[in-house]
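Participant:
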Amino acid sequence: NAGVTQTPKFQVLKTGQSMTLQCAQDMNHNSMYWYRQDPGMGLRLIYYSASEGTTDKGEVPNGYNVSRLNKREFSLRLESAAPSQTSVYFCASSVLSGGVNEQFFGPGTRLTVL
Amino acid sequence: GENVEQHPSTLSVQEGDSAVIKCTYSDSASNYFPWYKQELGKRPQLIIDIRSNVGEKKDQRIAVTLNKTAKHFSLHITETQPEDSAVYFCAAIYDKIIFGKGTRLHILP
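Going down the list, the protein sequences come from chains A and B.
When the letters of the first sequence are read in order and numbered with the working numbering, they come out as residues 1 to 114.
When the letters of the second sequence are read in order and numbered with the working numbering, they come out as residues 115 to 223.
1) Three or more C-beta pairs closer than 8 Å, one from the region 100 to 112 of chain A and one from the region 158 to 171 of chain B: is that the case here?
2) Under the three-state reduction of DSSP, which class applies to Q128 (chain B): helix, strand or coil?
3) Contact between the region 117 to 136 of chain B and the region 207 to 215 of chain B is defined here as three or more beta-carbon pairs at a separation below 8 Å; is this criterion met?
4) Can you tell which of B:A177, B:V134, B:A200, B:S144 has the C-alpha that lies nearest to the C-alpha of K210 (chain B)?
5) Can you tell me whether E197 (chain B) is helix, strand or coil according to DSSP?
6) Between S188 (chain B) and K136 (chain B), which are expected to be in contact by the criterion C-beta below 8 Å, what is the C-beta distance as a whole number of angstroms?
7) Could you check whether the region 86 to 98 of chain A touches the region 179 to 193 of chain B, counting it as contact only if at least three pairs of C-beta atoms, one from each stretch, sit closer than 8 Å?
8) One question on the structure: do Y33 (chain A) and A92 (chain A) come within less than 9 Å of each other, judged by their Cβ atoms?
9) Within 9 Å of any Cβ in chain A, is that where the Cβ of G214 (chain B) sits?
10) Between the Cα of C204 (chain B) and the Cα atoms of B:D131, B:A177, B:N167, B:V127, which residue gives the shortest distance?
11) By the 9 Å beta-carbon criterion, what residues does the region 160 to 191 of chain B contribute toward chain A?
12) Kindly give me the distance between the Cβ atoms of L21 (chain A) and T109 (chain A), rounded to whole angstroms, as I take these residues to be in contact under 8 Å.
13) Between P158 (chain B) and chain A, is the shortest Cβ-Cβ distance under 9 Å, so that the two count as touching?
14) Closest to T183 (chain B) by CA distance: which of B:S140, B:S123, B:S132, B:K172 is it?
15) Here's the rule I'm using: 16 or more other beta-carbon atoms within 10 Å means buried, otherwise exposed. How should K151 (chain B) be labelled?
16) Work out the CA separation of Q6 (chain A) and K71 (chain A) for me, nearest whole Å.
17) By Cβ distance below 8 Å, which residues in the same chain neighbour G3 (chain A) in space, the five residues on each side in sequence not counted?
18) Should F90 (chain A) be flagged as near chain B, meaning a C-beta pair shorter than 9 Å?
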């Protein structure tokens with residue numbers, strides 16, 4: 001099992017450019033998440049998908065869109081990148097079982113917007 | 115809105131001593147409280163968790179306690195070792211997951 005995979009690992013964009021961050025999981029989890037991590041700010045939820053075909057906003061959704069392509073894949077799109085979106089982006093997946101919601105994280109994408 | 119406060123933001127302890135990190139949460143409906151460890155440049159990984167119907171849970175050198183009335187929970191690491199140096203995040207979950215801002219733990223030789 002690869003677990004949660006993300007591409008790319010690193011990306012540099014210019015202000016106004018667009019890009020899509022890809023995430024896939026092979027653990028048959030229903031729920032998937034996108035977080036951003038900034039120094040001193042912890043992990044902040046951007047969007048999540050509780051099941052295939054559904055998506056919901058998290059704490060910081062502005063400037064982002066998501067697509068739950070199928071049960072395995074959940075992508076994050078930046079339509080017009082801004083320097084404030086410079087961050088490390090983590091995808092995660094989980095399955096709710098017995099009151100436990102353990103998040104499994106991908107390796108992260110380090111994004112710099114110039 | 116829902117919030118999780120985590121303290122301290124930085125903690126330095128002598129190798130072999132104990133470390134305690136504390137979190138408080140605002141949503142009384144929260145029923146699951148995981149702790150994640152993140153080493154430099156790596157992804158967060160679950161180290162221990164506790165459900166709201168349990169007051170304490172222990173796994174070797176780490177333990178978590180939960181006080182539902184006061185809405186706070188704590189991570190305890192005993193006999194600290196150099197490999198415990200990392201950033202630790204608490205979280206509270208009901209229908210949403212809210213993370214604390216993290217504690218950078220330094221183990222001093």
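Note that CB positions come from ideal geometry on N, CA and C, so glycine has one too.
Facilitator: So, to answer that:
1) Short answer: they touch.
2) In the structure shown, Q128 (chain B) sits in a strand (DSSP, three-state: E or B).
3) yes
4) B:S144
5) Per DSSP, reduced to three states, the secondary structure at E197 (chain B) is helical.
6) Indeed, because the Cβ distance is near 5 Å, the residues count as touching under 8 Å.
7) no
8) yes
9) yes
10) B:A177
11) L160, D163, R165, S166, N167
12) At roughly 5 Å, the Cβ-Cβ gap stays under 8 Å, so L21 (chain A) and T109 (chain A) are in contact.
13) yes
14) Of the candidates B:S140, B:S123, B:S132, B:K172, the one whose C-alpha sits nearest the C-alpha of T183 (chain B) is B:S140.
15) buried
16) 15 Å
17) Q25, D26, M27, F104, G106
18) Chain B contact via Cβ: present.
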